[in-house]
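To start, the structure itself, in structure tokens.
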Amino acid sequence: MKKYDAIIIGFGKGGKNLAADLANHGWDVAVVERSAGMYGGSCINIGCIPTKALVHSAQVTGYRRPSTFEQYAEEFKQAILAKEKLTSLLREMNFKNLDDREAVAYSVFIDPPLAHVGLNEMQARKMDKNIKIASLPATAMPRSRTIGQTEGLLKAVVDADTGKILGCTLFCAESGEVINTVSLAMRLGQDYTFLRDSIFTHPSMSEALNDLFGLIK
Numbered sequence: 001m002k003k004y005d006a007i008i009i010g011f012g013k014g015g016k017n018l019a020a021d022l023a024n025h026g027w028d029v030a031v032v033e034r035s036a037g038m039y040g041g042s043c044i045n046i047g048c049i050p051t052k053a054l055v056h057s058a059q060v061t062g063y064r065r066p067s068t069f070e071q072y073a074e075e076f077k078q079a080i081l082a083k084e085k086l087t088s089l090l091r092e093m094n095f096k097n098l099d100d101r102e103a104v105a106y107s108v109f110i111d112p113p114l115a116h117v118g119l120n121e122m123q124a125r126k127m128d129k130n131i132k133i134a135s136l137p138a139t140a141m142p143r144s145r146t147i148g149q150t151e152g153l154l155k156a157v158v159d160a161d162t163g164k165i166l167g168c169t170l171f172c173a174e175s176g177e178v179i180n181t182v183s184l185a186m187r188l189g190q191d192y193t194f195l196r197d198s199i200f201t202h203p204s205m206s207e208a209l210n211d212l213f214g215l216i217k
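Numbering (the UniProt record's numbering), first residue to last: 1 to 217.
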């Protein structure tokens with residue numbers, strides 16, 4: 001009989017995150033979920049993620065202004081299909097700073113927008129800094145899927161000795177807003193765990209900071 005250090009009951013957001021964190025610390029972990037249709041929990045399958053996708057589809061339908069009932073019916077059908085595809089994709093995914101440098105952020109409003117603050121990796125290495133790097137694809141974030149904008153990459157540079165955030169580059173939807181949170185943390189002198197452990201609204205692009213800085217070990 002196989003033995004485990006921990007058995008997590010429930011494959012929801014809390015359960016899968018706890019299991020992943022324990023596994024990253026060397027624990028032998030098993031996750032138990034009674035329904036294959038609920039991998040990822042209620043939020044991904046029947047709660048906040050699919051409902052936000054439907055809200056976004058409703059907004060798009062409003063912009064298009066269908067003129068007949070049949071057109072509205074087709075828009076509704078497509079919204080439901082998109083929601084089902086979204087929950088299926090997320091279910092599958094869940095299965096398997098320098099002291100004298102002002103942290104002023106900037107954003108280039110291309111598509112997706114590019115936002116940056118502080119040093120990039122090349123600049124930090126040229127200064128012979130001992131750094132840690134974290135990168136995360138935008139497609140990993142639930143919010144990017146609810147709005148249908150999954151292109152992009154997020155990257156952070158952290159001082160390996162002090163834990164201070166040296167810089168961050170966000171090439172993703174809503175990055176022009178999210179980068180301001182990183183900039184504020186840098187100006188306040190917070191280390192990377194401040195953003196790693198902060199509680200953001202869900203689903204939002206800001207919570208990408210939890211996952212991005214959670215990759216720093």
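Every residue, glycine too, gets a C-beta built ideally from N, C-alpha and C.
The structure displayed is predicted, hence computed values, not measured ones.
Endpoints, alpha helix (DSSP H) assigned at SER175
175-187
DSSP three-state label for PHE109, please.
coil
Look at the Cβ atom of LEU212, then the Cβ atom of ALA156, and state whether they are nearer than 8 Å.
yes
Would you mind reading off the limits of the alpha helix (DSSP H) that contains PRO142?
142-146
Under 8 Å between C-beta atoms of PRO112 and GLY152:
yes
Assign ARG145 to buried or exposed, taking buried as 16 or more other Cβ atoms, counted over all protein chains shown, within 10 Å of its Cβ.
buried
Identify, in the order they occur along the chain, each residue of the same chain with its Cβ nearer than 8 Å to the Cβ of ALA185, setting aside the five sequence neighbours on each side.
ILE165, PHE194, LEU195
How is ALA156 classed by DSSP in three states: helix, strand or coil?
strand
Indicate whether THR181 and SER206 have their beta-carbon atoms separated by less than 8 Å.
yes
DSSP on PHE171, reduced to helix/strand/coil?
strand
DSSP beta-bridge partners of HIS116:
TYR106, THR169
So, for ASN97: in the same chain, excluding its five sequence neighbours on each side, which residues have a beta-carbon less than 8 Å away from its beta-carbon?
Legend: pLDDT at ASN97 = 38, less than 50; position of this residue unreliable, value from coordinates given subsequently. Counting only Cβ-Cβ distances below 8 Å, and skipping sequence neighbours, we find ALA103, GLY118, LEU119, ASP159, LYS164, ILE165, LEU166, GLY167, MET186.
Counterpart residues of ALA6 in DSSP-defined beta bridges
VAL29
In the structure shown, what three-state DSSP assignment does ASP197 receive?
helix
Considering only the beta carbon of each residue, do THR162 and ASP197 sit closer than 8 Å?
no
Candidates PHE171, GLY148, SER35: closest to SER135 by CA position
PHE171
Kindly indicate which three-state DSSP category LEU209 falls into: helix, strand or coil?
helix
Give the C-beta separation of VAL31 and LYS16 to the nearest angstrom, bearing in mind that I take them to be a contact with Cβ-Cβ under 8 Å.
7 Å
Among LEU81, MET141, ASP5, ALA105, the one whose alpha carbon lies nearest that of GLY176
ALA105
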